[in-house]
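J.: Below is one structure. I have some questions about it.
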Amino acid sequence: MADDVFKPKLGKIRSRGGKGSRKFLHRVLAATNRVGGYRRLGRSRFTGSRLGRASGAGQVLASRDRYAAFRQRRVIIKSRIVRLTGKGMQGARAHLRYIQRDGVTREGLPGELYNADQDRADGTEFLERADGDRHQFRFIVSAEDGVEYTDLKPVTRRLMRQMEVDLGTNLDWVAVDHFNTGHPHSHILVRGKDEQGRDLVIARNYMAHGMRERASEIVSLDLGPRTDLEIENRLRREIDQDRLTSIDRNLLRQVGEDRIVSAVDKDAFRQSLRAGRLQKLKRLGLAEEITPGQWRLEEGLAATLSRMGECDDIIKTLHREMKRREIARSPTDFVIDAGDELDKRPIVGRVITRGLSDELNDRYYLIVDGVDGKTRYVEIGKGEATEPVPEDSIVQISARDIQPRMVDRTVAEIARENDGRYSIDLHLDHDRTATEEYVRTHVRRLEAMRRLTQGVEREPDGTWIITPDHLEKAVEYERERGKASPVIIRHLSHLSLEQQLESDGATWLDRELVASDPVLLSFVVKYPWHSIHCINR
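Now the structure itself:
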């Protein structure tokens, strides 16, 4: 009978239990916080970097001798975790289509999707299997000596097999190799599920260090460790580069609070590198010699050099695309940052190409040959935020307005009259002509601001707390929102100039011919704009 005794456990209705129901990790973290965290125990603060699979391998690989890395072939790996909920699957489909686009192979053909067993994998089947997954991993693997490989598939497959060993599970993945840049690289998409169908969680230190070390091992095994001559030649080439280099990073690690660093080194070769690089930085206006051998580095040197490297990459992209289209332009006609110009007036021109400025984060750019003869590189934001723009179409690009909207001003006005509070009822009392559906648009605006910037606060009864600086918070919200889509693209004509000249119907050129304030056309293509401008005049 004793075994049949029922002992109820009192608690709230629908409660799943008291403290015992909490996850073990949460209880450990709570106990740690009560004693003041790991710092009070003389240990480093918990960051969660070792949570997930392969944390031990990542820790070991990250702690290797720094000088041993000089011998190994360098591999750069960019990683990103993408949530597939909401519009995530739509973005995954677009990303898969883009990495298989035309012109990415050595022969200029579309990219070929492959996996562990097949040289031609089915992307549709991969996405169908991923339907319902919480997240997806995206990796870009680029070996510094990738040009030495005629085929990257074996390297990618060996890396993924090693990852399966480190993670302790089979992986469902597909990949595409790109040879359309100076550094051949592979795009790898991995499902966020393990072989048991559970969510796959990879330790942060393994994604940050472990994968890179594994890939470096594979490439070093194939091509052999770098020789002293290879290392020295690579470092010599860094002296005159207009970008952030390993020499700069070494200087920044040794710089003091007064921004002063010494050019002297015990090793004669390293001293020659430092001295040569500091002279280059002096020519760039980023370093100043205070006394012989003592140099002061400019504030923000790393950010400035990184930006210079980005600009150099953009210029190379402009040259490559204009050469591909057989369009002659002087480098003085290139505009690599049109942001300030867009704030003053829109840009009108024909689209040369649309491409990815950040392949991992799905951010795009347009190269536009403007009617004023300038060729511009314009960042247009995330792919799903902008519609595809065909080449040779005529567009108008303007900056997105970040000023407060009328709904923001209305909310601020009502809040001022009600001690900093806003609600549907207060709005209806303020404006007797407003409908409840119209008022709900203001609530949706506040909810969007709350989710993106935490700029407003909602109480349980539906009342909103509006601070006096609400309009400034609205500007900040628009600025954050504009990061996904910083410009507005208006399609003036889907027809190319050649098609418009031969068209029997009314075209954009025809509308400009009769406009009271026509666009001045002054650049030259196969059909010269200036001749059209003469007709216009």
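If you're matching positions, the sequence shown starts at 695 in my numbering and goes up one per residue. Each residue gets a CB set at the ideal place from its N, CA and C atoms; glycine is no exception.
Name the one or two DSSP bridge partners that His-829 has.
T.: Answer by DSSP bridge pairing, in chain order: Arg-777.
J.: Does the beta carbon of Arg-1044 sit closer than 8 Å to a beta carbon anywhere in chain D?
T.: In summary, chain D is missing from the structure at hand, where a single protein chain is found.
J.: Could you compute how far the alpha carbon of Asp-1211 sits from the alpha carbon of Leu-1191?
T.: If you take the alpha carbons of Asp-1211 and Leu-1191, they lie about 20 Å apart.
J.: Considering only their Cβ atoms, is the gap separating Leu-972 from Trp-989 smaller than 8 Å?
T.: Cβ atoms of Trp-989 and Leu-972: closer than 8 Å.
J.: By how many angstroms is the C-alpha of Glu-992 removed from the C-alpha of Glu-983?
T.: Looking at the two C-alpha atoms, the distance is approximately 11 Å.
J.: Starting from Ser-836, follow its DSSP beta bridges and name the residues at the other end.
T.: Answer by DSSP bridge pairing, in chain order: Ile-770.
J.: Can you give me the C-alpha to C-alpha distance between Asp-759 and Asn-927, rounded to a whole angstrom?
T.: At Asp-759, the pLDDT of 49 sits below 50, so the modelled position is not reliable and the matter cannot be decided from this model.
J.: For Asn-899, count the other beta carbons within 10 Å of its own beta carbon; 16 or more makes it buried, fewer makes it exposed. Which is it?
T.: When all chains shown are included, Asn-899 counts as buried.
J.: Does the structure place the region 1035-1055 close enough to the region 1085-1099 that three or more beta carbon pairs sit under 8 Å?
T.: Touching, per the Cβ criterion.
J.: Can you tell which of His-789, Thr-799 and Lys-1076 has the C-alpha that lies nearest to the C-alpha of Glu-1179?
T.: A quick correction: the sequence has Ser, not Glu, at residue 1179. Looking at the Cα atoms, Lys-1076 is the closest of the given residues.
J.: Which residue's Cα is closest to the Cα of Leu-1165: Glu-1107, Ala-1200, Val-1137 and Arg-1138?
T.: Nearest option by C-alpha distance: Glu-1107.
J.: Classify Val-859: buried if its beta carbon has 16 or more other beta carbons within 10 angstroms, exposed otherwise.
T.: Under this definition Val-859 is an exposed residue.
J.: Going by beta carbon distance, what residues of the same chain come within less than 7 Å of Val-958, once the five residues before and after it are set aside?
T.: Excluding sequence neighbours, Val-958 sits near Gln-965 and Gly-987.
J.: Work out the CA separation of Gln-766 and Ile-933 for me, nearest whole Å.
T.: Cα to Cα, Ile-933 sits roughly 21 Å from Gln-766.
J.: Could you tell me the boundaries of the beta strand (DSSP E) in which Val-988 lies?
T.: In the sequence under discussion, the amino acid at residue 988 is Gln, which differs from the Val named in the question. From DSSP, the beta strand (DSSP E) with Gln-988 extends over 988-991.
J.: Taking buried to mean at least 16 other C-beta atoms within 10 Å of its own C-beta, is Glu-951 buried or exposed?
T.: Answer is exposed; the Cβ neighbour count stays below 16.
J.: In the DSSP output, which residue or residues are listed as bridge partners for Glu-926?
T.: DSSP lists no partner for Glu-926.
J.: Whole angstroms are fine: how far does the CA of Gly-1149 sit from the CA of Ala-788?
T.: Whole-angstrom Cα-Cα distance: 32 Å.
J.: Distance, Cα to Cα, Ile-1229 vs Arg-1184?
T.: With a pLDDT of 37 at Ile-1229, under the threshold of 50, the modelled position of that residue is not reliable, and the figure given next carries that caveat. Computed Cα separation, rounded: 25 Å.
J.: Distance check for Ile-1008 and Gln-856, CA to CA, integer angstroms please.
T.: Straight-line Cα distance between these residues: approximately 35 Å.
J.: Please work out which residues of its chain come closer than 6 Å, Cβ to Cβ, to His-872, disregarding the five sequence neighbours upstream and downstream, and give them in chain order.
T.: Closer than 6 Å at the Cβ level, and outside the excluded window around His-872, lie Val-798 and His-879.
J.: List the endpoints of the continuous beta strand (DSSP E) containing Arg-1101.
T.: The residue you asked about is not Arg; residue 1101 is Val in the sequence shown. Not the beta strand (DSSP E): Val-1101 falls in the alpha helix (DSSP H), residues 1100-1111.
J.: Could you spell out the range, first to last residue, of the beta strand (DSSP E) harbouring His-1185?
T.: Where His-1185 is concerned, the enclosing beta strand (DSSP E) stretches over 1181-1187.
J.: When DSSP labels each residue in this structure, what does Asp-1211 get in the three-state scheme?
T.: Coil, per DSSP.
J.: For Leu-1203, collect the residues of the same chain with a Cβ closer than 6 Å to its Cβ; drop the 5 residues on either side in sequence, then sort them by chain order.
T.: Gln-1194, listed in sequence order.
J.: Residue range of the alpha helix (DSSP H) that Gly-1064 falls in?
T.: First-last for Gly-1064: 1057-1064, but that is the beta strand (DSSP E), not the alpha helix (DSSP H).
J.: State yes or no: is the C-beta of Ile-1091 within less than 8 Å of the C-beta of Pro-1040?
T.: Closer than 8 Å, so yes.
J.: Going by the beta-carbon positions, is the gap between Asp-813 and Lys-847 smaller than 8 Å?
T.: The answer is yes: Cβ separation under 8 Å.
J.: By the 10 Å Cβ neighbour count, where 16 or more other Cβ atoms means buried, how is Lys-1167 classified, buried or exposed?
T.: Lys-1167 is buried by the Cβ-count criterion.
J.: Pairs of beta-carbons, one from the region 902-920 and one from the region 934-954, closer than 8 Å: are there three or more?
T.: Result no; under three Cβ-Cβ pairs closer than 8 Å.
J.: Measure how close the beta-carbons of Gly-886 and Arg-828 come, nearest whole angstrom, since I'm counting them as under 8 Å.
T.: Yes, they are in contact, since the Cβ atoms of Gly-886 and Arg-828 sit about 6 Å apart, within 8 Å.
J.: Are the beta-carbon atoms of Met-854 and Ala-810 separated by less than 8 Å?
T.: Against a cut-off of 8 Å, the Cβ pair of Ala-810 and Met-854 comes out as a contact.
J.: Quick check on Ser-910: buried or exposed, where buried means 16 or more other Cβ atoms within 10 Å of its Cβ?
T.: By the 10 Å Cβ count, Ser-910 comes out buried.
J.: Bridge partners for Arg-1070 per DSSP, in chain order?
T.: Arg-1070 is bridged to Val-1029 and Val-1062.
J.: Assign His-1121 to buried or exposed, taking buried as 16 or more other Cβ atoms, counted over all protein chains shown, within 10 Å of its Cβ.
T.: Result: buried.
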